[in-house]
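Novice: In our numbering, each residue's number is its place in the sequence shown (first place is 1) plus 13.
Please find one structure pasted underneath; my questions will follow.
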Amino acid sequence: MKYVIIGASAAGISGVKRIREIDPNAEIILISKDEYIYSRCILHHYISGKRTLDQLNFVSPNFIEEYNINWLKGEEVIKVDSDQKFVVTNSNKKISFDKLLIASGSHVNIPQSLKILKAATNVVGLHNLDDCEKIMYLAKYANNIVIIGAGLIGIDAISGLLNLEDKNLTIIERCSHLLPLQLDTESSSTYENAFAQRGVKQYYNAIIKKIGITKSKHIIEIILSNGELLNCDLLIIASGVRPNVAFLEGSGIEVDYFGLVIDEYGQTSCKDIYGAGDVSGRRPIWSVAVKEGIIAGSNMAGVRKHMTDFFASKSTMNFFDIPTLSLGNTLLGSDEYEIEVEKDQDGNYKKIIHKDGKIYGAILQGDLSYSGVLTQLIALKIDVSRIKKSLFKINYADFFHQTKDFEFDYEEET
């Protein structure tokens with residue numbers, strides 16, 4: 014059996030590992046634009062100098078040899094023929110496959126309203142190692158660094174740059190607070206205050222109205238919708254990503270507005286072709302990409318597995334030694350859902366969103382010891398209405414039953 018995997022990040026590498034574990038004699042070809050295997054989640058540590066390139070690696074140093082992988086690094090797949098079962102790379106290599114895993118990830122999205130930035134010489138995203146290198150180089154000569162977007166990527170970018178001296182750092186976010194998809198105003202304010210104490214200027218509910226650019230395509234200033242002018246000689250785009258699916262045009266493989274369409278087995282609309290990770294455009298979280306890669310790899314190698322749940326909304330962060338966890342859907346409002354909050358003078362904050370005995374979302378900041386229980390309650394959709402205690406005091410014994418083998422299981426009561 015010949016397997017081809019496109020992409021050497023979380024989903025692709027997880028798929029490779031799973032396939033090799035099941036099929037020790039298979040031919041596995043890994044194709045990636047990247048020439049290194051590294052975690053995108055900690056690229057800001059590379060920018061700040063806290064980690065070396067080797068320390069970004071999330072596999073063993075001899076992973077490729079240990080798993081007997083033919084790695085075509087620095088290659089980009091530009092075409093997939095789903096009928097004849099082959100892919101074509103940018104160097105005109107034609108590679109056949111029996112089964113294909115598309116884990117091509119995503120790329121930085123520059124909004125159409127800011128399309129002028131595409132040609133600018135001092136504009137860069139933060140999505141891969143090349144972006145890091147460019148940021149590190151340009152930051153040496155920049156005095157005024159602006160980051161568009163206060164999501165996880167934007168906060169990573171600003172965190173990586175904090176160690177630079179004599180730099181004016183600014184965040185622009187169109188939503189009302191930092192990390193708007195993960196946190197509420199209470200928990201985000203903790204980080205906002207921490208950044209402010211370190212001299213970072215922050216603009217929320219802010220939209221860019223005009224951009225000043227020279228004839229040599231160099232950004233020099235930004236004008237916000239409130240009329241405020243910001244000097245800028247390095248602009249980092251962190252306002253979102255789009256899946257890498259352009260090379261699938263004409264392949265017959267279904268894509269939609271979000272990205273590659275896959276089912277609970279990781280299979281696409283075409284037989285023997287699977288997908289995993291950010292390329293679907295639906296769950297851009299590292300842990301989900303790993304899980305999807307394992308599921309897809311298992312099914313490709315003949316071991317039937319499916320996503321028992323698509324509980325994807327789990328984000329962990331730890332800026333300034335303030336750990337925070339976001340679970341489930343934290344954007345649900347109090348009009349339809351009940352919201353309970355518990356906090357103390359030590360900065361610990363807990364928030365639970367529930368309705369009709371089911372917990373739909375939660376935020377923990379500071380003390381994360383309750384995260385294991387909450388994850389199970391949300392993922393398994395456990396009815397907590399029969400448990401007569403505070404939602405912040407539930408433990409495993411309240412809903413798991415010990416079996417004769419001293420293991421624990423959960424059965425939904427009818």
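We put the CB at the ideal spot given by N, CA and C, even for glycine.
Rounded C-beta distance between residue 339 and residue 298? I'm assuming under 8 Å.
Specialist: For this step, residue 339 is matched to residue 326 along the sequence shown. For this step, residue 298 is matched to residue 285 along the sequence shown. That belief does not hold up - the Cβ atoms of residue 339 and residue 298 are roughly 10 Å apart, past 8 Å.
Novice: Based on Cα-Cα distance, which residue from 51, 404, 159 lies nearest to residue 370?
Specialist: Stepping through the sequence shown from its first residue, residue 370 is reached at position 357. Of 51, 404, 159, the residue nearest in Cα terms is 404.
Novice: Three or more C-beta pairs under 8 Å: does that hold for the stretch 113-120 against the stretch 297-312?
Specialist: Output reads yes: the stretch 297-312 touches the stretch 113-120.
Novice: In the DSSP assignment, find the beta strand (DSSP E) that holds residue 330 and state where it starts and stops.
Specialist: To locate residue 330, count along the sequence shown from 1; it is residue 317. 327-332 is the span of the beta strand (DSSP E), which, as asked, contains residue 330.
Novice: Leaving out the 5 sequence neighbours to the left and right, which residues in its chain are closer than 7 Å to residue 355 when beta-carbon positions are compared?
Specialist: As a first step, residue 355 must be located in the sequence shown, where it is residue number 342. Excluding sequence neighbours, residue 355 sits near 363, 405.
Novice: Can you list, in chain order, the residues of its chain whose CB lies under 6 Å from that of residue 173, leaving out five sequence neighbours each side?
Specialist: Counting from 1 along the sequence shown, the entry for residue 173 is found at position 160. Taken in chain order, the residues that qualify are 57, 60, 61.
Novice: Quick one: measure Cβ to Cβ for residue 253 and residue 162, integer angstroms, because I've assumed they're closer than 8 Å.
Specialist: Residue mapping note: residue 253 aligns to position 240 of the sequence shown, counting from 1. Residue mapping note: residue 162 aligns to position 149 of the sequence shown, counting from 1. Indeed, because the Cβ distance is near 7 Å, the residues count as touching under 8 Å.
Novice: With DSSP collapsed to three states, give me the class of residue 21.
Specialist: The sequence position of residue 21 within the sequence shown is 8, counting from 1. Here residue 21 sits in coil by DSSP.
Novice: Does DSSP put residue 388 in a helix, in a strand, or in coil?
Specialist: Your numbering for residue 388 matches position 375 in the sequence shown. Three-state DSSP puts residue 388 in a helix.
Novice: Which value, in whole angstroms, describes the spacing of the CA atoms of residue 111 and residue 388?
Specialist: Reading the sequence shown from its first residue, position 98 is the one you call residue 111. Reading the sequence shown from its first residue, position 375 is the one you call residue 388. Each residue's alpha carbon lies about 38 Å from the other.
Novice: Excluding five sequence neighbours on each side, which residues of the same chain lie with their C-beta closer than 7 Å to the C-beta of residue 104?
Specialist: For this step, residue 104 is matched to residue 91 along the sequence shown. For residue 104, where only same-chain residues beyond five positions count, the Cβ hits under 7 Å are 88.
Novice: Quick test of the definition: if touching needs 3 or more C-beta pairs under 8 Å, does the stretch 217-237 touch the stretch 127-136?
Specialist: Touching, per the Cβ criterion.
Novice: Indicate whether the contact test is met: 3 or more Cβ pairs, each with one atom in the stretch 146-162 and one in the stretch 242-259, closer than 8 Å.
Specialist: Taking 8 Å as the limit for Cβ pairs, the verdict is that the stretch 242-259 does touch the stretch 146-162.
Novice: For residue 412 and residue 392, I'd like the C-alpha separation in whole angstroms.
Specialist: Here residue 412 corresponds to residue number 399 of the sequence shown, with the count starting at 1. Here residue 392 corresponds to residue number 379 of the sequence shown, with the count starting at 1. Cα to Cα, residue 412 sits roughly 13 Å from residue 392.
Novice: Span of the beta strand (DSSP E) holding residue 43?
Specialist: Within the sequence shown, the letter at position 30 stands for residue 43. 40-45 is the extent of the beta strand (DSSP E) around residue 43.
Novice: Just to confirm before moving on: does the CB-CB distance between residue 120 and residue 31 stay below 8 Å?
Specialist: The residue given as residue 120 occupies position 107 in the sequence shown. The residue given as residue 31 occupies position 18 in the sequence shown. Taking 8 Å as the Cβ cut-off, residue 120 and residue 31 do not qualify as a contacting pair.
Novice: By Cβ distance below 7 Å, which residues in the same chain neighbour residue 67 in space, the five residues on each side in sequence not counted?
Specialist: Locating residue 67 in the sequence shown gives position 54, where the first residue counts as 1. Once the five neighbours on either side are set aside, residue 67 has no close Cβ partner at all.
Novice: Contact between the stretch 214-226 and the stretch 176-196 is defined here as three or more beta-carbon pairs at a separation below 8 Å; is this criterion met?
Specialist: The answer is yes - the stretch 176-196 touches the stretch 214-226, with three or more Cβ pairs under 8 Å.
Novice: Can you pull the DSSP bridge partners for residue 375?
Specialist: Taking the sequence shown and counting its residues from 1, one reaches residue 375 at position 362. Answer by DSSP bridge pairing, in chain order: 340, 365.
Novice: Output the boundary residues of the beta strand (DSSP E) element that contains residue 94.
Specialist: Within the sequence shown, numbered from 1, the residue matching residue 94 stands at position 81. 90-94 is the span of the beta strand (DSSP E), which, as asked, contains residue 94.
Novice: By DSSP's criteria, residue 84 is part of a beta bridge. Which residues make up the other side?
Specialist: Here residue 84 is taken as the residue at index 71 of the sequence shown, counted from 1. Paired residues: 43.
Novice: Have a look at 148, 19, 157 and flag the residue whose alpha-carbon is nearest the alpha-carbon of residue 91.
Specialist: Mapped onto the sequence shown, residue 91 falls at position 78. For the residues 148, 19, 157, the minimum Cα distance to residue 91 belongs to 19.
Novice: Since residue 47 and residue 122 are thought to touch, with beta carbons under 8 Å apart, how far apart are those beta carbons, to the nearest angstrom?
Specialist: In the sequence shown, the residue the question calls residue 47 occupies position 34. In the sequence shown, the residue the question calls residue 122 occupies position 109. Their Cβ separation, rounded to whole angstroms, is 19 Å, which puts residue 47 and residue 122 out of contact at 8 Å.
Novice: Alpha carbon to alpha carbon, how far is residue 402 from residue 288? Give it in angstroms, no decimals.
Specialist: The residue you call residue 288 lines up with position 275 of the sequence shown. The residue you call residue 402 lines up with position 389 of the sequence shown. Distance between the alpha carbons of residue 288 and residue 402: 43 Å.
Novice: Considering only C-alpha positions, which residue in the set 311, 257, 374 is nearest to residue 33?
Specialist: The count along the sequence shown starts at 1 and reaches residue 33 at position 20. Per the Cα distances, 311.
Novice: Can you give me the C-alpha to C-alpha distance between residue 155 and residue 39, rounded to a whole angstrom?
Specialist: As a first step, residue 155 is located in the sequence shown; it is residue number 142 there, counting from the start. As a first step, residue 39 is located in the sequence shown; it is residue number 26 there, counting from the start. Roughly 50 Å separates the two Cα atoms.
Novice: Quick one: measure Cβ to Cβ for residue 50 and residue 26, integer angstroms, because I've assumed they're closer than 8 Å.
Specialist: Within the sequence shown, the letter at position 37 stands for residue 50. Within the sequence shown, the letter at position 13 stands for residue 26. With 8 Å as the limit, residue 50 and residue 26 qualify as a contact, their Cβ atoms being about 6 Å apart.
Novice: Residue 473 to residue 234, Cα distance in whole Å?
Specialist: This structure gives no information on residue 473, because the portion of the chain shown stretches from 14 to 427.
Novice: Under the rule that 16 or more other beta-carbon atoms within 10 Å means buried, what is residue 266, buried or exposed?
Specialist: Counting from one through the sequence shown, the residue named residue 266 turns up at place 253. So residue 266 ends up on the buried side.
Novice: Tell me which residues share the same chain as residue 352 and place their Cβ nearer than 7 Å to its Cβ, disregarding the 5 neighbours each side in the sequence.
Specialist: Numbered from its first residue, the sequence shown carries residue 352 at position 339. Excluding sequence neighbours, residue 352 sits near 364, 366.
Novice: Taking 8 Å as the cut-off, decide whether the C-beta atoms of residue 264 and residue 17 are in contact.
Specialist: Position 251 of the sequence shown, counting from 1, holds the residue named residue 264. Position 4 of the sequence shown, counting from 1, holds the residue named residue 17. Going by C-beta atoms, residue 264 is not nearer than 8 Å to residue 17.
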